[in-house]
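Peer 1:
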Amino acid sequence: MNAQQLLDDMRPDIARSIESVEMVSRMRDGKAVPEQLQRLVTAEFCCQEAELATYPLLVAQHRHAVPAGYFGLVVHTVAKARALLGSVAQSVGLEPDSLSIPADARTTSAMRSMTLAGVLTEPGEAALYLYSDLCVWCAVFSELAEAGRRQEQVPNPLIEYMEWWGSEPSQEIVEGTLDVIAYGLQRGESSDRMLSFARQLPTAVAGYWEYVLDGE
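Numbering (the numbering used here), first residue to last: 4 to 219.
(1) By the three-class DSSP mapping on this structure, what secondary structure does G191 have?
(2) Roughly how many whole angstroms lie between the Cα atoms of S28 and M114?
(3) Would G218 and G127 be called neighbours here (beta carbons separated by less than 7 Å)?
(4) Measuring straight from C-alpha to C-alpha, what distance separates G210 and A185?
(5) Under 7 Å, do L258 and V122 count as touching if we go by C-beta distance?
(6) Can P99 and G89 be called in contact, C-beta distance under 7 Å?
(7) Throw me the rounded Cβ distance for the L76 and T180 pair, which I believe falls under 8 Å.
(8) Note down the Cα distance separating W167 from E47, rounded to an integer number of angstroms.
(9) State the Cα-Cα distance for the pair P158 and T80, rounded to the nearest angstrom.
(10) Assign G33 to buried or exposed, taking buried as 16 or more other Cβ atoms, counted over all protein chains shown, within 10 Å of its Cβ.
(11) What residue range does the alpha helix (DSSP H) around L133 cover?
(12) Taking W212 as part of the alpha helix (DSSP H), name the residues at either end of that continuous run.
(13) Between S193, V143, C49 and A82, which lies nearest to E22 when the distance is taken from Cα to Cα?
(14) Judging by CA-CA distance, which residue of L87, T124, D182 and A35 is the nearest neighbour of F200?
(15) Answer yes or no: do E213 and R109 have a C-beta to C-beta separation smaller than 7 Å?
(16) Which of the three DSSP states is assigned to H79 in this structure?
(17) Quick check on H67: buried or exposed, where buried means 16 or more other Cβ atoms within 10 Å of its Cβ?
(18) Using C-beta distances below 7 Å, list every residue in its chain close to V69, excluding the 5 sequence neighbours before and after it, in chain order.
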């Protein structure tokens, strides 16, 4: 199995994860409440805390130009998103400097999955997981932003933040993912193991969005 086949094999899993996000239908129906928008920003903060703490370790562990360049790009992308989050937090009534990780098992589960990707994976394994994660997040945020533009209660900074991600990963991310997976396969990584780890993503996705919908 080659790198492109691995991406193709993940498509059904990615599609199911996207379809499972009930928040999209809530937004389309005009039923998203301010507390849910606040929890969305809080959940983003939590994930970024985990990503910015652990993804740089992938650069340190896999210093060959191919994986290091790719994981560096992912870290840079998350850091740019983090810089936007302050104004988004203010727009939903939160103080940026007061954002904190809630004592909630669902957000903890999502953060744990991202931490594992940063510290316990081989390069191809991590790349397939991160790519799949981005595919889900970009698609869901795109749908939420489109629906949110028709809802007065959704502040513009939040909509713009979700649109900033785009509807799918950038071409640079896609090409980098393929390169890192191919690099991993050439070094003897198991395609089955790559798929097995990436297919844990729905659990993290479910926990994130259950928290956003229902709170603590």
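Glycine is no exception: its CB is placed at the ideal position from the N, C-alpha and C atoms.
Peer 2: The relevant details are as follows:
(1) Of the three classes helix, strand and coil, the one that applies to G191 here is coil, per DSSP.
(2) The alpha-carbon atoms of S28 and M114 are separated by roughly 25 Å.
(3) The answer is no: Cβ separation not under 7 Å.
(4) Their backbone Cα atoms lie some 31 Å apart in a straight line.
(5) Limits of the chain in this structure are 4 at one end and 219 at the other, which puts residue 258 out of reach.
(6) Closer than 7 Å, so yes.
(7) Contact between L76 and T180 does not hold, since their C-beta atoms are separated by about 10 Å, which reaches or exceeds 8 Å.
(8) If you take the alpha carbons of W167 and E47, they lie about 14 Å apart.
(9) If I take the Cα positions, the gap works out to 23 Å.
(10) Classification of G33: exposed, given that the 10 Å Cβ count is below 16.
(11) Note, L133: alpha helix (DSSP H), P126 to G151.
(12) Segment L204 to D217, the alpha helix (DSSP H) holding W212.
(13) Checking every option, the nearest Cα to that of E22 belongs to V143.
(14) Looking at the Cα atoms, T124 is the closest of the given residues.
(15) In this structure, E213 sits near R109, with a CB-CB distance shorter than 7 Å.
(16) H79 falls in the helix class under three-state DSSP.
(17) Note on H67: under 16 other CB atoms within 10 angstroms of its CB, so exposed under the neighbour-count rule.
(18) Excluding sequence neighbours, V69 sits near D182, V183 and Y186.
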